[in-house]
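*Asks:* Before I ask anything, let me first share the structure, which is written out below as structure tokens.
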Amino acid sequence: MKSQNNTSRRGFLKCVAASATALGIPTIIPAVVLGQNAPSNRINMGLIGMGLMMGGHQGSMCNRPDVQVLAVCDVDRTKRERAKAAVEQAYARRQPSGSYKGCEAYNEYERIIERKDIDAVFVVTPDHWHAIISVAAMKSGKDVYVQKPMTLTIREGRIMSDVARQYGAILQVGSQQRSERAFRRACEMVRSGWIGKVHTIYTELGEFPPPATLPEQPTPDGFDYDRWLGPTPWYPYNAQRVRGDYGGGWRCFWEYGSRKNGDWGAHHFDIIQWALGMDDSGPVEFIPKGYEGNQYQTHIYKNGIKVLRNHPVRLGHMIQFIGDKGEVLVSRGDRLDTLPVKLKDQAPGASDIRLYDSRDHHENWIQGIKTRKPCICPAEIGHRTATICHLSGIAERLKRPLKWDPAKEEILGDTEASRWMDRPRRAPYVMV
Amino acid sequence: MKFSLLNPMKTHTQLLVLGLSLLATTSPLVGDVEQSVSQLIPNLAAEKVEDRYQHQMELQQLAAHASRPGAEAERLEMAKILAAKATDASVPQPARVWLVRQLEYIGAAEAVPALTKLLGDKDAELRECARRALEKNSSPGAGASLLAALQAGGEPAWKIGLINSLGERQDAAAIGLLKTHLAEAATARVAAEALAKIAKPAAIEALWAANPAQPDALIEAANRLLAQRDAPAARAIYARIQSGKFPEATRAAALAGLAKADPKSGAKLIQEALLGAEPRLQNVAVQLSAPVFGRNLTKAMLPLFPKMSPSVKAQVLGLLDDSAEKPVLNAAKDPDENVRVAALQALGRMGGAAGVPVLIEAAAGKARAEKTAAEAALVQTTNARALAALATQVEQGQPEWRVAAIRAMTARRQTSTLPALVKACADSNLAVSQAALAAVAQMGSDAELEPLARLALKASSKETCAAVEDVAARVTDKAAGARKLLALTQSAEKTKAADLMGALSLLGGSEALAMVTANASGSDATLKEKAIRALGGWTDFSASQPLLKIVADSATAQNLKQLAIQGLVTLVKTSENEPLDSRASTVLAAWAAASRPDEQKSVLSAMAEVPHPKVVAVLTPLLKDEGLKNEAATAGLTLAQGLVAKDVAAAKALAQTIKDLNVSRDLNRKADAVLRK
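Printed below as a string of structure tokens:
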């Protein structure tokens, strides 16, 4: 990254000097003294939502010489203090003195948004906070890495995509399967017609335990529960509601996401969109499991391609594309299988489609910030994928099929279902 | 009713949903609906909180079903019932909350009076639910109720909620009251956003007058105006913000809006922004360039290009068309690495012949980012002249460049280059010949087999022989391929000819088998070993006979015997389509010949794949052999699994014997699975 842009973009020295004075953090030495990864050439980062998923992001960012984590934020005091200590320890190990103090810990995300010396943020909160924080960050001139699914509602996605485009923000959605070789190759094979005309796709998302009504428990000291709930309807505190593990907790509740459709669906539906070349569009019909005996939750594209959720997938794979000339099966861990078998070892030819090649999702975002080039999973793609997650969830809850116009982004012929495309927000946590 | 899975609904709810679907207008069934909702109410407030969920879902499904398309009468009746119960003070609070939550999704004008009443309820949760439901309610009366509530005032959070709802509803009647909230610190931002969503002249006027300024809200208002096709009004807002003293990100947003509202004046501003020093504006300007300049993009960009900052140059390079080839070639030598990389990518996209040498040079270079970009670009290009230039580069020029060109052709799977590549396999430069050999190995087929084999006979290198084998595996006419190789071997020196036996094993055929078998039974130990290896990798089961002879011959050296046994094991394992009797007799012959424990264990692994009674008979006693017990049990269990379809009793007997041995937990589990069949 060239100093001309950086200095201008962040007004670095001026801002740091101002914020350092205001916040009592050490003043950072100018870039010209220290070279390429000197502070003024670094991307100053804020981390928001210090739960389970942030662990990998935090470690990765703290290890990068071109990134400086300046602040962490969580509504749980224990988590944010622990994160602050971990960040400072990571930097202290690189200091000759063995100590470092320069990471602030906030309860309110707004404190990070206000800081002009912070260039970019990770938004790794539960889904219901993604859009509010991301939009505020982008409007304040920050770039954003937001966890998948990008949004809680369809309308939020349209807003986020439009804001990203209009404000020139570099936004990366955490659908990191796009940066895995096997998924990219699978999509290239499908797009290049190696398995002929695709007609059916199976994908395995699994199931969460059902949501529950939960009795009230005392709110733990240091946990800002009202802010955790944020824009969602009020419910009494219960530890199970706010737990962030993979097997349950908040991910099970419709209030905070789209359950497995928003969890694994945000990954696998995303790859399917990529493989079908539908990144700026989407399916036209959503049929819930059980409707007229429908065995599997299904969505259908205009050209008739059907995606069946939780249909058994051969060889224990995550996604199976079935065409009239073969199959492509793909999973994490660089697993790729094909029918005919030899396809998987076949190199792409000159006329075959090559897709955006990202090998590292974090690196891709950081390079996007530096070069201002779009990332592999920008807001529009994240929105289109999340739309599938949300419409699948709405059809499931209404227990009826939905017709969707992906161009106009409207549910067709069902006024009441259309009300589910967005949710009123609990004050004062509104999107501005 | 079309939905067939109603869990976790109870029967009475199922019947009610069925009843609702039959309902035309007001009928006796309305009473049933009311009764069902009444019956659910105590359960919605069950003392044990966990028990409430199922009943919440029942009510939700009733409401959802009533609001389905084409059933307005049912929706109306359900909404009336929900509204009446929600305002009934005798209904417990948790039930009332859930009733109002349903009105959020299905309520219309009929629900407004009840929701208005609830806006003033002493229970904060009910008030909030009513606000949410009114926000979503399509009736104009809902807006009036929210406005009245805001007029009445309250805590800041309550007012924020009401203001936000009025904004979501784009309620112009609220402008006057919303304006007054621009001055309050707690409500200023949300009031500005609400006014922006309303986007009427009075609202915009209020926004311009706001202190502190609300430029992002003005951007939103302008976006709304533009969506309503009021471009002049939108343009006026964008222009004022873009030229004002506002944050860079907001001015960038204004620039984006301006370019949409007024492409002509937007074009000029885009050009200014591209040459400016504000990256956010530059970024948006680059994004806008394509839609604003359209076909004239390259023409508009080129005069500015030399004055652009490196980061802008790198972005703009991605937009230029073929007419910019010359400046792009220059940019490939730019001092900035990002610019050079972007130029190489652009050359790949443009695909002109002049770019090929530049790309080749970068692909052959050591700068990693440029090398990667150039390699990808060389694969991408589709222009015929560029391809011709690339093909020429395979045959001519500096060795490093030729290697880069060969690799590009390989990555492209450009089979038309194979004749040149075969020729290059014999090149005096080692790097060139190795790259060419790798290319032919990856792409070659019938036509390349013979010339490559000739080269192998001449060069006798391991790499060349391996390449011949790769090509042989891909040959479609195996018989013709084998004949060609045999013809070559007849005139070749015997030891060199032996190097082609691996390729012959992949082509097969009786003549090839005879040649290899002859070598296997000859006197030259080196040739014998190569031949036995070839027999072990033979393309079909026919090589089992000569291998059996070798293992049965007491004169065969131990190492060769071991090799032959291994070959038999491979053939047995990979010949599933051969008759079972034939595979059984082969594997048992191999077993008879195997004397050393490692040989025996290897044969046992092949016996596992042959579910034949004779194999079972030989294997069963081995389960008691302490030295072979584990391998025999593992093989035996696989055998039992294979036997299930043919002779379940024999399969179970074998599984039981293995389970009784209690070799391992895993084997016991697998044995149990067989025993359950």
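If you read the protein sequences in the order shown, they are chains A and B. Residue 1 is where the first sequence starts when you use the numbering used here, and the numbers rise one by one after that. Residue 1001 is where the second sequence starts when you use the numbering used here, and the numbers rise one by one after that. The beta-carbon is built from N, C-alpha and C at its ideal position, and this holds for glycine as well.
How about the segment 348-364 of chain A and the segment 257-272 of chain A: do they share at least three Cβ pairs that are nearer than 8 Å?
*Replies:* Contact between the segment 348-364 of chain A and the segment 257-272 of chain A is absent, because fewer than three Cβ pairs lie under 8 Å.
*Asks:* Could you check the C-alpha separation between residue 303 of chain A and residue 1263 of chain B for me, to the nearest Å?
*Replies:* Here residue 303 of chain A corresponds to residue number 303 of the first sequence, with the count starting at 1. Here residue 1263 of chain B corresponds to residue number 263 of the second sequence, with the count starting at 1. Rounded to the nearest angstrom, the two C-alpha atoms are 36 Å apart.
*Asks:* Does the distance from the C-beta atom of residue 360 of chain A to that of residue 175 of chain A stay below 8 Å?
*Replies:* Residue 360 of chain A sits at position 360 when you count from the first residue of the first sequence. Residue 175 of chain A sits at position 175 when you count from the first residue of the first sequence. For residue 360 of chain A and residue 175 of chain A, no; Cβs fall outside 8 Å.
*Asks:* Report the partner residues of residue 73 of chain A according to the DSSP bridge assignment.
*Replies:* In the first sequence, the residue the question calls residue 73 of chain A occupies position 73. Answer is A:48 and A:106.
*Asks:* How long is the line joining the alpha carbons of residue 326 of chain A and residue 195 of chain A, rounded to whole angstroms?
*Replies:* The residue given as residue 326 of chain A occupies position 326 in the first sequence. The residue given as residue 195 of chain A occupies position 195 in the first sequence. Using only the alpha carbons, I get a separation of about 4 Å.
*Asks:* Decide if residue 1562 of chain B is buried, meaning its Cβ has at least 16 other Cβ atoms within 10 Å, or exposed.
*Replies:* Within the second sequence, residue 1562 of chain B is the residue found at index 562, counting from 1. With 16 or more other Cβ atoms within 10 Å, it is buried.
*Asks:* I'd like the ranges of any alpha helix (DSSP H) spanning at least 4 consecutive residues and lying wholly in the segment 123-208 of chain A.
*Replies:* Listed in chain order, the complete alpha helix (DSSP H) runs (minimum 4 residues) inside the segment 123-208 of chain A are 127-139, 154-167 and 181-191.
*Asks:* So, at 6 Å on beta carbons, what are the nonlocal neighbours of residue 35 of chain A in its own chain, with the 5 sequence-adjacent residues on each side left out?
*Replies:* In the first sequence, residue 35 of chain A corresponds to position 35, counting from 1. Its pLDDT being 42, under 50, residue 35 of chain A is placed unreliably in this model, and the value from its coordinates should be taken loosely. Cβ within range, chain order: n/a, list empty.
*Asks:* The segment 1302-1316 of chain B: which residues have C-beta closer than 7 Å to a C-beta of chain A, in chain order?
*Replies:* Against chain A - using a Cβ distance shorter than 7 Å - the residues of the segment 1302-1316 of chain B are 1309, 1310, 1311, 1314 and 1315.
*Asks:* Could you please give me the residues that DSSP links to residue 1205 of chain B through a beta bridge?
*Replies:* By one-based count along the second sequence, residue 1205 of chain B stands at place 205. Answer by DSSP bridge pairing: none, since residue 1205 of chain B is not bridged.
*Asks:* Do the CB positions of residue 1083 of chain B and residue 1096 of chain B come within less than 8 Å of each other?
*Replies:* As a working mapping, residue 1083 of chain B is identified with position 83 in the second sequence. As a working mapping, residue 1096 of chain B is identified with position 96 in the second sequence. Cβ atoms of residue 1083 of chain B and residue 1096 of chain B: not closer than 8 Å.
*Asks:* Can the beta-carbon of residue 1604 of chain B be found less than 8 Å from the beta-carbon of residue 1628 of chain B?
*Replies:* The count along the second sequence starts at 1 and reaches residue 1604 of chain B at position 604. The count along the second sequence starts at 1 and reaches residue 1628 of chain B at position 628. Closer than 8 Å, so yes.
*Asks:* So with CB distances below 7 Å, who are the chain B contacts of residue 228 of chain A?
*Replies:* For this step, residue 228 of chain A is matched to residue 228 along the first sequence. Result: empty, since nearest Cβ-Cβ is about 16 Å, beyond 7 Å.
*Asks:* For residue 1270 of chain B, which three-state DSSP category applies?
*Replies:* Counted from its first residue, the second sequence places residue 1270 of chain B at position 270. Helix, per DSSP.
*Asks:* List the residues of chain B that residue 140 of chain A touches, going by C-beta distances under 8 Å, in chain order.
*Replies:* Stepping through the first sequence from its first residue, residue 140 of chain A is reached at position 140. Neighbours of residue 140 of chain A on chain B, chain order: 1247 and 1249.
*Asks:* Using a Cβ-Cβ cutoff of less than 7 Å, which residues in the same chain neighbour residue 1040 of chain B once the five nearest sequence positions on both sides are dropped?
*Replies:* Within the second sequence, numbered from 1, the residue matching residue 1040 of chain B stands at position 40. Hits under 7 Å: 1055, 1058 and 1059.
*Asks:* Output the distance between the C-alpha atoms of residue 113 of chain A and residue 137 of chain A, rounded to the nearest integer angstrom.
*Replies:* Here residue 113 of chain A corresponds to residue number 113 of the first sequence, with the count starting at 1. Here residue 137 of chain A corresponds to residue number 137 of the first sequence, with the count starting at 1. Between residue 113 of chain A and residue 137 of chain A, the C-alpha separation is close to 6 Å.
*Asks:* Between which two residues does the beta strand (DSSP E) carrying residue 320 of chain A extend?
*Replies:* The sequence position of residue 320 of chain A within the first sequence is 320, counting from 1. It spans 319-323 - the beta strand (DSSP E) in which residue 320 of chain A sits, taken as one unbroken run.
*Asks:* Hey, out of A:72, A:148, A:282 and A:290, whose CA is closest to residue 391 of chain A's CA?
*Replies:* In the first sequence, the residue the question calls residue 391 of chain A occupies position 391. Of the listed residues, the one whose Cα sits closest to residue 391 of chain A is A:282.
*Asks:* How about residue 968 of chain B and residue 1202 of chain B: are their beta carbons less than 8 Å apart?
*Replies:* In the structure as shown, chain B starts at 1001 and stops at 1677, and residue 968 of chain B therefore has no counterpart that could be examined.
*Asks:* For residue 1117 of chain B, which residues in the same chain have their Cβ closer than 7 Å to its Cβ, ignoring the five residues on either side in sequence?
*Replies:* Taking the first residue of the second sequence as position 1, residue 1117 of chain B is located at position 117. If we look at residue 1117 of chain B and ignore the five residues flanking it on each side, its Cβ neighbours are 1087.
*Asks:* Are residue 439 of chain A and residue 205 of chain A touching if we call contact CB-CB under 8 Å?
*Replies:* Residue 439 of chain A cannot be examined here, being either before or after the span of chain A that is shown, 1 to 432.
*Asks:* Mind listing the chain A neighbours of residue 1157 of chain B? Cutoff is C-beta to C-beta under 8 Å, in chain order.
*Replies:* Counting from one through the second sequence, the residue named residue 1157 of chain B turns up at place 157. By Cβ distance, chain A contributes 427 and 428.
*Asks:* Taking C-beta to C-beta, are residue 164 of chain A and residue 45 of chain A nearer than 8 Å?
*Replies:* By 1-based counting over the first sequence, the position of residue 164 of chain A is 164. By 1-based counting over the first sequence, the position of residue 45 of chain A is 45. Contact flag unset, no.
*Asks:* Going by Cα to Cα distance, which pick from B:1279, B:1218 and B:1062 is closest to residue 372 of chain A?
*Replies:* Start at 1 with the first residue of the first sequence, and residue 372 of chain A comes out as number 372. When each option's Cα is compared against that of residue 372 of chain A, the closest is B:1279.
*Asks:* How big is the Cα-Cα spacing for residue 249 of chain A and residue 185 of chain A?
*Replies:* Position 249 of the first sequence holds residue 249 of chain A. Position 185 of the first sequence holds residue 185 of chain A. Straight-line Cα distance between these residues: approximately 34 Å.
*Asks:* Counting only beta-carbon separations shorter than 8 Å, does residue 1272 of chain B have a partner in chain A?
*Replies:* Translated into the one-based positions of the second sequence, residue 1272 of chain B becomes position 272. Closer than 8 Å: no.
*Asks:* Roughly how many angstroms lie between the CA atoms of residue 1458 of chain B and residue 1500 of chain B, to the nearest whole one?
*Replies:* Position 458 of the second sequence, counted from the first residue, corresponds to residue 1458 of chain B. Position 500 of the second sequence, counted from the first residue, corresponds to residue 1500 of chain B. So the two alpha carbons sit approximately 12 Å from each other.
*Asks:* Quick one: which chain A residues come within Cβ less than 7 Å of residue 1049 of chain B?
*Replies:* Within the second sequence, residue 1049 of chain B is the residue found at index 49, counting from 1. Near residue 1049 of chain B (Cβ distances below 7 Å), the residues of chain A are 213, 214 and 215.
*Asks:* Could you give the residue range of the beta strand (DSSP E) that holds residue 338 of chain A?
*Replies:* Numbered from 1 along the first sequence, position 338 holds the residue referred to as residue 338 of chain A. Per DSSP, residue 338 of chain A belongs to the beta strand (DSSP E) from 335-339.
*Asks:* Closer than 8 Å, Cβ to Cβ, to anything on chain A: give me those residues from the segment 1052-1068 of chain B, in chain order.
*Replies:* Here the close residues are 1052, 1053, 1056, 1060, 1061, 1064, 1065, 1067 and 1068.
*Asks:* Could you pull out every unbroken beta strand (DSSP E) segment of at least 3 residues lying fully inside the segment 358-392 of chain A, listed in chain order?
*Replies:* As far as the segment 358-392 of chain A is concerned, it has no whole beta strand (DSSP E) run of at least 3 residues.
*Asks:* Let's see if you can read the secondary structure: which residues bound the alpha helix (DSSP H) around residue 960 of chain B?
*Replies:* The structure shown does not extend to residue 960 of chain B, since chain B is modelled only from 1001 to 1677, so the question has no answer here.
*Asks:* Could you say if the segment 1364-1378 of chain B and the segment 1338-1348 of chain B meet the contact criterion of at least three C-beta pairs nearer than 8 Å?
*Replies:* A contact exists between the segment 1364-1378 of chain B and the segment 1338-1348 of chain B.
*Asks:* Could you tell me how far apart the beta carbons of residue 369 of chain A and residue 117 of chain A are, in whole angstroms, since I believe they sit closer than 8 Å?
*Replies:* Position 369 of the first sequence holds residue 369 of chain A. Position 117 of the first sequence holds residue 117 of chain A. Their Cβ separation, rounded to whole angstroms, is 15 Å, which puts residue 369 of chain A and residue 117 of chain A out of contact at 8 Å.
*Asks:* For residue 1353 of chain B, I'd like the list of residues in its chain whose CB is within less than 6 Å of its CB, leaving aside the five on either flank, ordered along the chain.
*Replies:* The count along the second sequence starts at 1 and reaches residue 1353 of chain B at position 353. Excluding sequence neighbours, residue 1353 of chain B sits near 1385, 1386 and 1389.
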